[in-house]
Amino acid sequence: MHAVMARRRGLAVTHLEREPEGRGASVRNFGLVWVSGRRAGPELALALRARELWESIAADAPGTGFRPAGSLTVASTEAELAVMREAAELPDAKQREFEVLSPADVREVNPALRGEFAGGLWCRADAIVEPRVALPALRAWLASPGGPGYEWRPGREAVEAGPNGVRDQSGQWHRGDLVVLCTGANFTGVAGPHLAATGALAGAPGAGGTGLRRVRLQMLQTRPFAGRLTTSVADGDSLRYYPAYDVPSLASLPPQADVAAANRAQLLMVQRLDGSLTIGDTHEYDEPFAFDVDEGAYDHLLARAAALLGTELPRVQRRWAGVYSEVTGTTALYHRSTVTPGVVLVTGPGGRGMTCSPAIAEETFL
Ligand SMILES: Cc1cc2nc3c(=O)[nH]c(=O)nc-3n(C[C@H](O)[C@H](O)[C@H](O)COP(=O)(O)OP(=O)(O)OC[C@H]3O[C@@H](n4cnc5c(N)ncnc54)[C@H](O)[C@@H]3O)c2cc1C
19 MHAVMARRRG LAVTHLEREP EGRGASVRNF GLVWVSGRRA GPELALALRA RELWESIAAD
79 APGTGFRPAG SLTVASTEAE LAVMREAAEL PDAKQREFEV LSPADVREVN PALRGEFAGG
139 LWCRADAIVE PRVALPALRA WLASPGGPGY EWRPGREAVE AGPNGVRDQS GQWHRGDLVV
199 LCTGANFTGV AGPHLAATGA LAGAPGAGGT GLRRVRLQML QTRPFAGRLT TSVADGDSLR
259 YYPAYDVPSL ASLPPQADVA AANRAQLLMV QRLDGSLTIG DTHEYDEPFA FDVDEGAYDH
319 LLARAAALLG TELPRVQRRW AGVYSEVTGT TALYHRSTVT PGVVLVTGPG GRGMTCSPAI
379 AEETFL
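Quick note on our numbering: the sequence shown kicks off at 19 and runs consecutively.
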């Protein structure tokens, strides 16, 4: 997104990627452009600006798969529905395009939801993109004729930063008016000395838990589902994790199921363009992270998805885990710092990075 926003400002870009193709959080996520759960104030404003930018970027790069599908957060109990009603009465509910729906209305908005539930919260501002194909689609637009110049350099790892430049593993220096390190959850390597020297990591002595940390999530994708989900879908557990639902009645929710609580799980479900369903997620905060995936969490998420759809799910075709970097213990929405003159590090958007990336990149060039 920094390359996209740089090009929009008429700047030529050289884009280094250590892998042959991006394989970090930006391709492992749901592709949810998620306005609904954002905290009131600057976080919601950033997400709304990003939502607007995504739409205009997708007009140039339709391969990103942007669609203004909206989302439905489905209440299984009256207690969850009470939280939704309260959230829908807050002053910013209009900006999120919230509407509380009866079970019959939920089924009308998204006829694939044929299970039993108490109602739902429709957020028309939410949208979906296709993470597995968005990066190449954006690069195709960046490289299209008439632009200021875009050079894609996969297989190049930045190993050292100096004023207005980085050196890659082959020894070549790449220089520019501005270098933006978007190294994701990689806290060692080129950004490592800077992060250590500035005490930017939450685990650093004296940091008091404030700063950057890493979070690991488990995900899966089914084979194509016969029905069509008209919106993305969340279950009531998501009310516990998104700050938009921090309303008084939240305290009345009973505890989560043990397996969900142990894995900090919430159901999020997105239908991909080929009909398959991306289902997640879990949250693991303590490092070292597990190197393997936990079936108990998957059993829980699959059962929740089947209950909302009111039918059996297609076979799982793939499972994976992803790690993002997140700022914690601060009101900052992401991390930006100067590494050396002409070199900035931008990371730490957490679980809102796919949503907010165009707006974050825009702020870099303000
Ligand atoms: C499972 C999962 C689900 C998520 N779901 C959502 C969602 O639905 N909606 C949402 O808004 N957010 C979501 N997020 C969060 C979002 O995906 C991230 O915040 C965002 O993608 C982070 O982008 P990034 O560019 O900082 O990091 P990354 O996407 O990880 O990219 C970093 C890139 O830098 C490369 N790199 C690292 N070091 C170097 C180096 N030295 N030289 C060259 N290249 C280097 C890496 O190879 C990688 O390609 C999710 C995250 C995960 C893990």
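Beta carbons: idealized from backbone N, C-alpha and C, even for Gly.
Hey, L160 and T91: beta-carbon distance below 8 Å or not?
no
Quick one: is the Cβ of D276 within less than 7 Å of any heavy atom of ligand 1?
no
Per DSSP, what kind of secondary structure is A177 in: helix, strand or coil?
Note that residue 177 is Val in the sequence shown here, rather than Ala. It is a strand residue.
When you measure from the CB of R281 to every non-hydrogen atom of ligand 1, does any distance come out below 7 Å?
A quick correction: the sequence has Asn, not Arg, at residue 281. No.
Within this structure, are the beta carbons of V233 and Y342 separated by less than 8 Å?
yes
Which residue or residues does DSSP assign as beta-bridge partners of Y168?
V31
Assumed close pair T385, A315 - CB separation to whole angstroms, cut-off 8 Å:
In the structure as shown, the chain begins at 19 and stops at 384. Residue 385 is therefore absent and cannot be evaluated.
Can we count A179 as close to ligand 1, meaning its CB is less than 7 Å from some heavy atom?
no
Could you check how far apart the C-beta atoms of L230 and V345 are, in whole angstroms? I think they sit under 8 Å.
6 Å
At which residue ranges does the region 68 to 117 contain complete alpha helix (DSSP H) runs of 4 or more residues, listed in the order of the chain?
96 to 106, 111 to 114
Would you say E175 touches ligand 1, meaning its beta carbon is less than 7 Å from a heavy atom?
yes
Compute the minimum distance between the beta carbon of T228 and the heavy atoms of ligand 1, and state whether it is under 7 Å.
no
Which residue or residues does DSSP assign as beta-bridge partners of P367?
E344
Tell me whether M237, by its Cβ, gets closer than 7 Å to a heavy atom of ligand 1.
yes
What are the complete alpha helix (DSSP H) segments, minimum 4 residues, inside the region 203 to 281?
210 to 215, 276 to 280
Starting from W191 and walking both ways along the beta strand (DSSP E), at which residues does that stretch end?
191 to 193
Say whether the region 197 to 213 touches the region 38 to 58, bearing in mind that this needs 3 or more beta-carbon pairs closer than 8 Å, one atom from each stretch.
yes
Stretch-stretch touch, CB-based, cutoff 8 Å, three pairs: the region 145 to 157 with the region 174 to 186
no
Rank D264, L238, G369, R241 by C-alpha distance to the C-alpha of Y303 and give the top, closest one.
G369
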